[in-house]
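The sequence shown runs 60 to 341 under the working numbering. Reading through the structure tokens given below for one structure.
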Amino acid sequence: MSTARIIEILEWREGVAHRRALIRAGASKADIACAILGGAIVRLRKGVYALPAADPLVAVAARHGGAVACISALRAHGIWVLDGPNRPHVWLGGKGRTHAHPDCRCIDHHDAGRATFGLTPVRLALVQVAQCCDAETFFVAYESAWRLGKLAPADRQWIRSVVPARRRWLVDLARGDADSGLESLVRLRLVRIGISVEPQVLIVGVGRVDFLLSGRLIVEVDGRENHDGQSLRHKDLVRDAAAAALGYDTLRFDYALVVYEWATVERAILARLSRAPHPFVG
Ligand SMILES: [Zn+2]
Ligand SMILES: [Zn+2]
Numbered sequence: 060m061s062t063a064r065i066i067e068i069l070e071w072r073e074g075v076a077h078r079r080a081l082i083r084a085g086a087s088k089a090d091i092a093c094a095i096l097g098g099a100i101v102r103l104r105k106g107v108y109a110l111p112a113a114d115p116l117v118a119v120a121a122r123h124g125g126a127v128a129c130i131s132a133l134r135a136h137g138i139w140v141l142d143g144p145n146r147p148h149v150w151l152g153g154k155g156r157t158h159a160h161p162d163c164r165c166i167d168h169h170d171a172g173r174a175t176f177g178l179t180p181v182r183l184a185l186v187q188v189a190q191c192c193d194a195e196t197f198f199v200a201y202e203s204a205w206r207l208g209k210l211a212p213a214d215r216q217w218i219r220s221v222v223p224a225r226r227r228w229l230v231d232l233a234r235g236d237a238d239s240g241l242e243s244l245v246r247l248r249l250v251r252i253g254i255s256v257e258p259q260v261l262i263v264g265v266g267r268v269d270f271l272l273s274g275r276l277i278v279e280v281d282g283r284e285n286h287d288g289q290s291l292r293h294k295d296l297v298r299d300a301a302a303a304a305l306g307y308d309t310l311r312f313d314y315a316l317v318v319y320e321w322a323t324v325e326r327a328i329l330a331r332l333s334r335a336p337h338p339f340v341g
């Protein structure tokens, strides 16, 4: 088999393949050796080969004998995940062996099924996150996956049926219209302290606001990418003025406040809510 053909087979498989897959496809040991010698493929470990340009994360997981899993897989699928320690999570399958990996900070997953190389599918990766990470990390990722159209109704039902019981309420609380991971996080935290929240409320004369609390306090959360630049700031000020004229209060928080100074955010919201309602608002 030509080296070009071996490259093609690897390309179909996210850049990584087992020796037996190449042999099954018709490559001989000499063909594989020739491809390695020419630098067209590299040996990741005994019997596992990759294209030099394969995704480094996929290659790391393949070196362990499995697929990129859990939070690492969701990040690679383009799902919004909370920042955290950047340790590779690897799915080795139900019967997967752990290969020696000195000085590695990986986290192994052994969920049932046969792990191949590449990325664990979104719905299984979410279940792994439900088992492996905290409630907030799971909730934020789940809402983001839903919003991005990566979870069909059947996927959501399946996830609900297999996540640990302590995580099921999060699946029930989730919505498919959260604008950003930050919004998901704020809603979950407010619900957890007993504040009822209406997300994505359309207020005539103001527009769609992120959250309305007790019918009178608007809470807006500005994601990392948005809200930089003078014109957007001006737009926000116009909205706040329009809301104030209708008797609404507005509080705005950014990523750093929500993620690193939540106590400040919570105190501000509770203080505003404890004030007497404005006479203009019924
Ligand atoms: Zn994990
Ligand atoms: Zn490792």
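Cβ coordinates follow ideal geometry from the N, Cα and C atoms, glycine included. Please read all numbers here as calculations on a predicted model, not as lab measurements.
- Not one heavy atom of ligand 1 sits closer than 7 Å to the Cβ of I66.
- Excluding the 5 residues flanking it on each side, A233 has same chain C-beta neighbours closer than 7 Å at F198, Y201, E202, W205, in chain order.
- Near ligand 1, residues with a Cβ at less than 7 Å from any of the ligand's heavy atoms are A128, C129, I130, H148, I166, H168, Q187, V188, C191, C192; the list follows chain order.
- Of all alpha-carbon atoms in L96, C192, D281, the one lying nearest the alpha-carbon of G143 is that of C192.
- According to DSSP, A84 shares a beta bridge with no other residue.
- Exposed is the label assigned to H293, since fewer than 16 other Cβ atoms lie within 10 Å of its Cβ.
- H77 has its CB no nearer than 7 Å to any heavy atom of ligand 2.
- In this structure L305 is in contact with V265, their Cβ atoms being roughly 7 Å apart against a cut-off of 8 Å.
- Residue range 276–281 is occupied by the beta strand (DSSP E) that includes I277.
- Annotated three-state conformation of W150 is strand, per DSSP.
- In this structure, the straight-line span from the alpha carbon of W71 to that of W228 is close to 39 Å.
- Of the candidates C129, W217, G106, the residue whose Cα lies closest to the Cα of R122 is G106.
- The closest CA to that of C165, considering only R146, L141, A322, is found on R146.
- Inclusion of C163 in the 7 Å shell around ligand 2 follows from its C-beta lying nearer than that to a non-hydrogen atom of the ligand.
- When distances are taken from the beta-carbon of H293 to the heavy atoms of ligand 2, even the shortest one reaches 7 Å or more.
- For the alpha helix (DSSP H) assignment, the uninterrupted runs of no fewer than 4 residues enclosed by the segment 227–272 are, from N- to C-terminal side, 227–232, 240–251.
- Residue state for A174 is assigned as coil, using DSSP reduced to three classes.
- R102 is bridged by DSSP to Y108.
- Taking C-alpha positions only, V117 is separated from G274 by approximately 48 Å.
- Within the same chain, Cβ atoms closer than 7 Å to the Cβ of E195 are found at L141, L244, L247, the five residues on either side in sequence being excluded.
- In terms of CA proximity to E242, F270 leads the group Q216, V263, V230, F270.
- Counting other Cβ atoms within 10 Å of its Cβ, L291 stays below 16 and is therefore classed as exposed.
- The residue from Y108, K88, G152, P258 with its alpha-carbon nearest to that of A126 is G152.
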